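Before any comments, here is the structure.
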Amino acid sequence: MSSSRLAKLIWRTGRVAQPAPEAPTEPADTFRTYPELAGSAQVRHVDCGSCNGCEVEVGAVFGPVYDAERYGTRLVASPRHADVLLVTGVVTHNMREPLRRTVDATPRPRVVVAVGDCAVDGGLFRDGYGVAGFVEEVVGVDLTVPGCPPEPEAIVAALRRVTGR
Ligand code: SF4
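Reminder that position 41 of the sequence shown reads as 33 in my numbering, one-by-one numbering, no gaps.
Have a look at this one:
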């Protein structure tokens, strides 16, 4: 494709991808690494009562702009195939038991990531009548990504911690 055609295409479509950012800089000892995953992780997303704001960001993480597959992660349809659970939303009463069972169904070593303020500490919906608690009150959490909603870069950084890439 000629450079003028490419420039026109970029002008028309806007940003279609962005270069890989620097690797996360926090010291490695703040989070257990998972060498047994050998640089790749299958990811199951679990919505426990989100407003869907976090889902939009998780969708962006695996879309063409943020492209988390570059770092060895991939969305899968079953916890039985997953290494990582990305959990969003406060845990509603109806989702408490399904969340427990989902974690139980995920083979070890498994990494539970609480994504968004609701998942981390209840956020906006903490005292809602239908809320059983935040994620750590129901299952163990290995990694948290705060924010309402968290930026895709922060979710990508968490996944890169898991794969080490
Ligand atoms: S953290 Fe914010 S965006 Fe995410 S589910 Fe809660 S209210 Fe919605």
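For glycine and all other residues, C-beta sits at the position ideal for the given N, C-alpha and C. As the structure is a prediction and not an experimental result, all values here were calculated from the model.
Sequence-distant residues of the same chain with beta carbon closer than 7 Å to residue i, five excluded per side
| i | result |
| --- | --- |
| residue 71 | 36, 77, 94, 97, 98 |
| residue 60 | 53, 54, 148, 151 |
| residue 136 | 106, 112 |
| residue 146 | 137, 139 |
Where residue i sits in the DSSP three-state scheme
| i | result |
| --- | --- |
| residue 100 | coil |
| residue 115 | helix |
| residue 153 | helix |
| residue 25 | coil |
| residue 39 | strand |
| residue 160 | Absent from the model: residue 160. The displayed extent of the chain is -7 to 157, so no value can be given. |
| residue 83 | strand |
| residue 143 | coil |
Contact test: residue i Cβ vs the ligand SF4 heavy atom, cutoff 7 Å
| i | result |
| --- | --- |
| residue 55 | no |
| residue 27 | no |
| residue 80 | yes |
| residue 40 | no |
| residue 141 | yes |
| residue 108 | yes |
| residue 45 | yes |
| residue 116 | yes |
Element boundaries [alpha helix (DSSP H), containing residue i]
| i | result |
| --- | --- |
| residue 57 | Note, residue 57: premise wrong, no alpha helix (DSSP H); not H, not E. |
| residue 48 | 45 to 53 |
Beta-ladder partner(s) of residue i, from DSSP
| i | result |
| --- | --- |
| residue 66 | 34 |
| residue 77 | 36, 104 |
Sequence-distant residues of the same chain with beta carbon closer than 6 Å to residue i, five excluded per side
| i | result |
| --- | --- |
| residue 25 | 156 |
| residue 134 | 103, 104 |
| residue 119 | none |
| residue 58 | 52, 144, 148 |
Residue span of the beta strand (DSSP E) that contains residue i, given as start and end
| i | result |
| --- | --- |
| residue 125 | 123 to 125 |
| residue 130 | First-last for residue 130: undefined, no H or E at that position. |
| residue 137 | 135 to 137 |
Spatial neighbours of residue i in its chain, beta-carbon cut-off 8 Å, leaving aside the 5 residues before and after
| i | result |
| --- | --- |
| residue 140 | 45, 108, 109, 110, 115, 116 |
| residue 91 | 38, 40, 79, 83, 127, 130, 131 |
| residue 123 | 41, 82, 83, 84, 85, 114, 117 |
Check: residue i C-beta below 7 Å from any heavy atom of the ligand NAD
| i | result |
| --- | --- |
| residue 134 | By its list of ligands, the structure shown excludes the ligand NAD, since it contains just the ligand SF4. |
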